[in-house]
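Using this note's numbering, you'd call the opening residue of the sequence shown number 14 and step up by one each time.
We put the beta carbon where it would ideally sit given N, CA and C, even for glycine.
Just so you know, these numbers come straight off a predicted model, no measurement behind them.
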Amino acid sequence: MTRTIELSIVAPLYNEEESVGHLYKAITDAVSPMGLEYEILFVNDGSKDKTLDNAIALAKADHHLRVVNFRKNYGQTPAMAAGIDNARGDIIVTMDGDLQNDPSDIPMMVKTLREGYDIVVGWRHNRQDKLITRKIPSMIANRLIGKVTGVPIKDNGCSLKVYRAEVMQSLPFYNELHRFIPALLSVSGARVAEVKVKHHARQFGESKYGLSRVYKVLLDLLTIKTILSVASHPMRWFTKLSGIPLLVALICTILLALDVNESNLVVETTLAILFFSTAIFLISLGFLSELIFAKGNIAIGKLALLTAQLNSEKVIEPESRI
Ligand code: UDP
Ligand code: MG
């Protein structure tokens, strides 16, 4: 018999041996009363402790739980992506696996989604993390993401998010990009809601991140900027700039050909070669920029298409689903 899964809960786990049992219980307590056909996907991201063993032991005792295993540590976003890839639910919930997100928020978020949204984003309004290394960098990142995308989401970094499964197709899930999905989708017309969620201090183990994540998020922001091609496209300046050295090289070549001044032969030849190489270098950069630009346009095109498909469907059908 094939069951239709209505709700999938995805949590990446890296060295969370102590949290995994509590997490399983908290998720089960929160979602089983919802009366939906659900599954929990724990993605073990190459943990070096007993996370995998503990998760497998739980999965053996409960068919709702499935475990996806990475032999190596790939990072939170790829782990999340693998969970989403394997999820079979119509609605997908992502969350951290360290009990900082609270599964008891899931029913409220699913309810909000069913009021007519494609994504519901958690807002950790009383975030229990360090001020200097977490809250301040996040505040800056959220402002920047809002500026670049024009979508003022207060807490892009909150892993607790609820999605209609359709919106998860062909999304850019790499680096730290899971943070940008709501803003990206919202730009292309998806309906995004942001709701206050609980947040707890880490109980077991330790955070896997340092300040270097800020740098990664900023790099991703550049990618997003390219994808959205919000501003005029500055990379195209490379091609335009190549005109200057090309012109100088041409003048040197003409002077050489005309044999104006024999004593300057070596200087003119050197200059011609130098400026030609510079021009070729700039044209190549310009060509690469065009490729990136085109890729960005394809990505935004895909998003727009996806949203068009989404919006052409009837979204709210709670009576038939609950
Ligand atoms: N995580 C992961 N792979 C990693 C780093 C983290 O799967 O390489 C998981 C981790 O187990 C947790 C979630 O991602 O479930 C968030 O990580 P963490 O709590 O370290 O981040 P923070 O809360 O400090 O931002
Ligand atoms: Mg955490």
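*Report yes or no: do three or more beta-carbon pairs, one from the stretch 48–58 and one from the stretch 124–136, lie closer than 8 Å?*
Between the stretch 48–58 and the stretch 124–136, the count of C-beta pairs closer than 8 Å stays below three; the two stretches do not touch.
*Helix, strand or coil for V243, going by three-state DSSP, please let me know.*
Any reading at V243 is ruled out, since the residue's pLDDT is 43, under 50, leaving its predicted position unreliable.
*Report yes if the C-beta of R79 is less than 8 Å from at least one heavy atom of ligand 2; otherwise report no.*
Outside the cutoff, so no.
*Three or more beta-carbon pairs under 8 Å between the stretch 29–42 and the stretch 87–96, yes or no?*
Output reads no: the stretch 87–96 does not touch the stretch 29–42.
*asked:* Within 8 Å, do at least three Cβ pairs link the stretch 262–280 to the stretch 288–297?
replied: Segment contact: the stretch 288–297 against the stretch 262–280, three or more CB-CB distances shorter than 8 Å; contact assigned.
*Should A24 be listed as close to ligand 1, given that the test is whether its C-beta is under 8 Å from any heavy atom?*
Placement of the Cβ of A24 at a distance of less than 8 Å from at least one heavy atom of ligand 1 is found.
*Closer than 7 Å by C-beta to K61: which residues in its own chain qualify, once you throw out the five before and the five after it? Chain order, please.*
Cβ neighbours of K61 beyond the five flanking positions: N28.
_R84 versus G256: straight-line alpha-carbon distance, rounded_ = Straight-line measurement puts the Cα of G256 at about 51 Å from the Cα of R84.
_One question on the structure: do H212 and R137 come within less than 9 Å of each other, judged by their Cβ atoms?_
Yes, Cβ-Cβ distance for H212 and R137 is below 9 Å.
_When you compare the CB positions of T146 and L234, do they come within less than 9 Å of one another, or not?_
Annotated as distal: T146 and L234, with beta-carbon spacing of 9 Å or more.
*asked:* Which of the three DSSP states is assigned to T336 in this structure?
replied: Coverage of the chain is limited to positions 14 through 335, which leaves residue 336 absent and any answer about it impossible.
*Contacts around R192, its chain only, beta-carbon distance under 6 Å, and the 5 residues preceding and following it disregarded*: Residues of the same chain with a CB within less than 6 Å of the CB of R192, apart from the 5 flanking positions on each side, are N169 and G170 in chain order.
*Hey, A203 and I119: beta-carbon distance below 9 Å or not?*
Result no, Cβ atoms of A203 and I119 do not sit closer than 9 Å.
*asked:* List, from N- to C-terminal side, the alpha helix (DSSP H) runs of 4 residues or more that fit wholly inside the stretch 75–120.
replied: As far as the stretch 75–120 is concerned, its whole alpha helix (DSSP H) runs of at least 4 residues are 89–99.
*Could you tell me whether the Cβ atoms of T252 and F294 are closer together than 9 Å?*
It is not a contact, given that the beta carbons lie outside the stated cut-off.
*Since I believe L271 is in contact with E281 (beta carbons under 8 Å), could you give me their beta-carbon distance rounded to a whole number of angstroms?*
At roughly 10 Å, the Cβ-Cβ gap does not stay under 8 Å, so E281 and L271 are not in contact.
_Where R215 sits in the DSSP three-state scheme_ = In this structure, R215 counts as coil in the three-state DSSP scheme.
_Could you give the first and the last residue of the continuous alpha helix (DSSP H) run that contains F251?_
Its alpha helix (DSSP H) spans residues W250 to L254.
*C-beta contact flag for M152 and V23 at 9 Å*: Cβ distance not < 9 Å, so M152 and V23 don't count as in contact.
*Taking 7 Å as the limit, tell me which residues put their C-beta closer than that to any heavy atom of ligand 2, in chain order.*
Listed by position in the chain, the residues whose beta carbon lies within less than 7 Å of some heavy atom of ligand 2 are D109, D111, Q113, R215 and S220.
*Is the beta carbon of L20 sitting closer than 9 Å to the one on G110?*
Result no, Cβ atoms of L20 and G110 do not sit closer than 9 Å.
*Based on the DSSP output, what are the partners of R137 in its beta bridges?*
Bridge partners of R137: V210.
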